[in-house]
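To convert, note that position 502 of the sequence shown is 596 in the working numbering; the numbers rise steadily by one, no gaps.
For each residue, glycine too, the CB sits at the ideal point set by N, CA and C.
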Amino acid sequence: MKKMDSVFLKQLYAVFVFNLLILFIIALQYIKFLENIDGFFLKPYLIVTATSHFFLIGALPLLFSLLIYFTTQSKIVTKTINIILSVFILVVVKLDATIFEQFRYHISPIVLKLVFGKRASDIFQFSFTNIVLALLFIVGLVLLQLFFYFLSNKKVNQDSNLRLKPTLVLFTLFVLLSNVIYAWSDANYFRPVTQFKNVFPLYYPLTADSLMMKLNLVDKEKIRRNEKMTIDNESKNIKYPLNAITAKKSNTQKNILYIVIDSWRKDFMSEQITPNIYKFSKNCQLFQNHLSGSNMTTGGIFTIFYGIPATYYDTFTGQQIAPVFINELQRQNYEMLIFSSSNLENPPFNRNVFANVPNLELFTTGETPSERDIEINKKWLSNIEKTDNKKPFFGFLFYDSAHGFDYPKNYKLPFSPSLSEVNFLDLNNDYNPKQLINRYKNSLHFVDSLVGEVLLNLEKRGILKNTIVVITSDHGQEFNDNKKGYWQHGGNFSDHQIGVPLLIFDASKTPKIQSQQTLHYDIAPTMMKNYLGIKNNFIDYSFGQDLYQSYHREAFICGYNQRFAIIEKNQIINIYPSGLFDATDKKLNALDDSKINYDRVSTELKNMNRFYKK
């Protein structure tokens, strides 16, 4: 190899070291989410694991650049590729750290679809300011790469000793030590170490449960206890419902209207924020302690219509299995009036909830959520005029403005001061949410005005008295209420993210306030039993109960297709796709494993797989 080649390789390595320092700085964002790491060896383990893991991630551009150089022998091409790859890695890790800080999950194909797909605003919403800052960050990184090369050209020469071999030896030892410790911890369910797998991105450490068992390096009693947390749903064969649905059709069929407001938290239903709905609630069954079956739109809508956990979401979508509730409405000749501000193709509700609905409108015109909300109101008011009075209808109105913190430009704002623009990159544990909350309240106030139009129209046309009106939300909305750095939804299963309003209007029922805990799982069976004449036991098609009757639950499954939890009265047991779990109280403070009722967890997990055929 030529003398100059050797210097160039040293320069590449120097640039790698500079980038590694930046990567380590970004990685500090993850470390603050590690809990219970004050033990004797835990902090040294943190140093060893973080150093080796991010060293490996940072080395990817270097390794690929070396391959390019040995292939092309072109320094210009190699530098260009190295700059592009280095910037890409730093941007991706920074984006992942930002996402993890607010939602506690990493970039994945699902997340990328939410960010860049047709429903990009489902969680991630980027303002003009966000986009400008992101571009400036990228440009800054590119300029920084050029500066690193400038420094390396000035400081690195043939005689420079960069201590490559000692560094590689140390890195190898760190990798081995980290993986051995993790393998033992995984076999013994030692959560202070296994939590690293959920916190660090692209972290796939060694596991060796069988070997640890053979070497007698495990606590066998603890293993038997933790095996109760095992999920067995390998079968994708579905039996839903468990038994054929039987119904006694009523001679006086009632219309059914679902009004769902995206991201509407239960303590934001009030006379000031939602005056029309609040007034309407005085004539309703009002469920004060109601929880969604998920903290995401996918799971929230799924549990409303199916009454079963959204852990079935992917399977049901893949097989296009519609809810028995919708099927029964169609069998009983209900006219379907489905209008959604958010498109019904992504998430693909056209392939699950509304899979069997003909002529389904997938999209609503409008550049903003508020424009689309106005449009679905127009469509509803137009179509309700054309309905056959001799034929019952099922209506579904899904409003999206509150999710996007949106309202029309000329809307008179009842709450101020209010943000003129939401910069989601500003949201951290120290952010004062007052103006953001006011903007959220203003968006809810606007949606309430649209709902008021719908309700008034039903009343004026004399339809309301024969219509069951269900008003609720898919999930809640958090504003760092527990001071854990969580914002919006999708990040945890606290009451702030899953607690939603629920009110049901039935003119034949005396208005009543219900204080018992109720769930989205209960809506479908309540409609099926009381208004569609279904005779089946609820267990045949749902996890719910009759909302109009008293009942008690010890625990329930809450989540979506990627992650779920077992919710109990005073604690949340999170079950991760990695197979790991942890427990917190309702304020998201970590709990010791001793607080977990493993028998109850085992029962809930077995029950969760009710519709999978063995």
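In its chain, beyond the 5 residues on either side, His147, Phe290 and Lys291 have a beta carbon closer than 8 Å to the beta carbon of Tyr297.
Taken in chain order, the complete alpha helix (DSSP H) segments of 4 or more residues contained in the segment 485-509 number zero; there are none. Leaving aside the five residues that flank Tyr406 on each side, the residues in its chain whose CB is nearer than 7 Å to its CB run, in chain order, Phe705. Under the DSSP assignment, Asp679 falls outside any alpha helix (DSSP H), being part of the beta strand (DSSP E) whose first and last residues are Phe675 to Asp679. Leu682 carries a coil assignment under DSSP once its states are collapsed to helix, strand and coil.
Residue nearest to Leu309 within the set Asn282, Tyr428 and Phe268 is Asn282 (criterion: CA-CA distance). When DSSP states are grouped into helix, strand and coil, His539 belongs to the helix group.
If you check the CB distance, Tyr654 and Ala404 come in under 7 Å. In the DSSP assignment, Gly401 falls outside any beta strand (DSSP E) and carries neither an H nor an E. By the CB criterion at 7 Å, Pro286 and Leu136 fall inside the cutoff.
By the C-beta criterion, the segment 500-512 is judged to be in contact with the segment 463-480, since at least 3 inter-stretch pairs fall below 8 Å. As DSSP reads the structure, Cys652 sits in a beta bridge with Ala659. About 6 Å separates the beta carbon of Thr458 from that of Ser435, a gap short enough to meet the 8 Å contact definition. Scanning its chain for C-beta atoms nearer than 8 Å, with the 5 sequence neighbours on each side dropped, one finds around Ile120 the residues Leu184, Val187, Lys188 and Ala191, in chain order. Taken through DSSP and simplified to helix, strand or coil, Ala341 comes out as strand.
Assignment of beta-bridge partners to Trp581 by DSSP yields Phe573.
Burial check for Met702: the Cβ neighbour count within 10 Å reaches 16 or more, so the residue is buried. Looking from the CA of Phe265, the closest CA among Ile141, Ser476, Tyr199 and Gln413 belongs to Ile141. Burial state of Gln252 is exposed, judged by a 10 Å Cβ sphere holding fewer than 16 other Cβ atoms.
When DSSP states are grouped into helix, strand and coil, Leu596 belongs to the strand group. In the DSSP secondary-structure assignment, Thr566 is bridged to Val354 and Leu596.
Under the three-state reduction of DSSP, Asn444 is assigned to helix. Sixteen is the threshold: when 16 or more other Cβ atoms of the shown chains lie within 10 Å of the Cβ of Met622, as they do, the residue is buried.
In the DSSP annotation of this structure, Gln196 is not part of any beta strand (DSSP E); the continuous alpha helix (DSSP H) holding it starts and ends at Lys169 to Phe197. Between the segment 565-574 and the segment 584-592, the count of Cβ pairs shorter than 8 Å is three or higher; the stretches touch. Here DSSP, grouped into helix, strand and coil, assigns Ser304 to helix.
A distance below 6 Å between beta-carbons, with the five flanking residues on each side excluded, links Ser344 to the following residues of its chain, in chain order: Gly627. For Met430, the beta-bridge partners assigned by DSSP are Phe488. In the three-state DSSP reduction, His384 falls in the strand class (E or B). With a threshold of 16 other beta carbon atoms within 10 Å, Met363 meets it and is buried. The straight-line gap separating the alpha-carbon atoms of Phe487 and Leu550 is approximately 17 Å.
Bridge pairing for Asn349: Thr561 [DSSP].
Within a 10 Å sphere around the beta-carbon of Met390 sit 16 or more other beta-carbons, which makes this residue buried. For Asp482, the closest of Glu461, Leu122, Tyr428 and Glu422 by C-alpha to C-alpha distance is Tyr428. Annotation: Ser254 is outside any beta strand (DSSP E) and is labelled neither H nor E by DSSP. Contact check between the segment 144-164 and the segment 261-281: three or more CB pairs, one atom from each, fall below 8 Å, which counts as touching.
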